[in-house]
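In this text, residue positions in the sequence shown follow our numbering: the first is 5, and each later residue adds one. One structure below.
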Amino acid sequence: MDNIHTLQKIFAAGFDNGYGSIKLLVDGFDVVRVPSYISSVEMEDVPGRVVFNGTAYTVGESAFRTGYHFERNTDSNENKVNNALVTLLGALAHLPHRKAWHLKLVVSLHDVALAQNLIQVLNGEYQPILAGKPSDVKIEVLKVVPEGLGALFLYVRLFLKCERN
5 MDNIHTLQKI
15 FAAGFDNGYG
25 SIKLLVDGFD
35 VVRVPSYISS
45 VEMEDVPGRV
55 VFNGTAYTVG
65 ESAFRTGYHF
75 ERNTDSNENK
85 VNNALVTLLG
95 ALAHLPHRKA
105 WHLKLVVSLH
115 DVALAQNLIQ
125 VLNGEYQPIL
135 AGKPSDVKIE
145 VLKVVPEGLG
155 ALFLYVRLFL
165 KCERN
């Protein structure tokens, strides 16, 4: 993480909102890999905690630990699109806090026919509270690729190589 400039705001990123686990790769940070659980049970500001549009969610292992009242992506095919923004913000809430994130994002999806819906859900500018601290998050989806962690990371690596040259 030493190569991240403290004022850097634009990051290449890859996101897989999987049925079993959520994977987020942000350039310069370790990969976030957490179970794809979402809870709205009241809890403290743990990693994965998101307050967004007046509703609080917890994403990942902490959501599972509540023992009840959690939703899983695997519960419905539509959850991978419907939950995408909350799970992405929850994954960001596992990373060290930043006041601003601007993600140039590549996303993997099991059904490319849903790509436009996913882009609509994710693209935008948001002001969530991530693990207890406010953050400005801008998301630009560059591409939706077929599902698979390998395809996602390969595309992100190619993107990073082009950006640096």
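Every residue gets a Cβ at the ideal spot worked out from N, C-alpha and C, and that includes glycine. Just so it is clear, the structure is predicted and the values come from calculations on it, not from any experiment.
(message) I need the boundaries of the alpha helix (DSSP H) containing LYS13, first residue and last residue.
(response) Counting along the chain, LYS13 falls outside any alpha helix (DSSP H), and DSSP gives it neither H nor E.
(request) Could you check how far apart the C-beta atoms of SER66 and PRO51 are, in whole angstroms? I think they sit under 8 Å. (result) 7 Å
(message) Could you check whether the stretch 122-136 touches the stretch 26-34, counting it as contact only if at least three pairs of C-beta atoms, one from each stretch, sit closer than 8 Å?
(response) no
(request) Thinking LYS84 and ASN21 are a contact (beta carbons under 8 Å), I'd like their distance in whole angstroms, please. (result) 5 Å
(message) Measuring only the C-alpha atoms, how far is THR91 from GLN12?
(response) 23 Å
(message) According to DSSP, simplified to helix, strand and coil, what is VAL110?
(response) strand
(message) Can you give me the C-alpha to C-alpha distance between ALA104 and VAL141, rounded to a whole angstrom?
(response) 6 Å
(request) Specify, as a first and last residue, the run of the beta strand (DSSP E) that GLY128 falls within. (result) 128-130
(message) Taking a contact to mean a Cβ-Cβ separation below 9 Å, would you say GLY64 touches VAL38 in this structure?
(response) yes
(message) So, for PRO132: in the same chain, excluding its five sequence neighbours on each side, which residues have a beta-carbon less than 7 Å away from its beta-carbon?
(response) VAL54, VAL55, PHE56, LEU93, SER139, VAL141
(message) Would ALA135 and ALA97 be called neighbours here (beta carbons separated by less than 9 Å)?
(response) yes
(request) Check LEU37 in the structure and name its three-state DSSP category. (result) A small correction: the amino acid at residue 37 is Arg; Leu does not occupy that position in the sequence shown. Of the three classes helix, strand and coil, the one that applies to ARG37 here is strand, per DSSP.
(message) Could you compute how far the alpha carbon of ASP49 sits from the alpha carbon of LEU28?
(response) 20 Å
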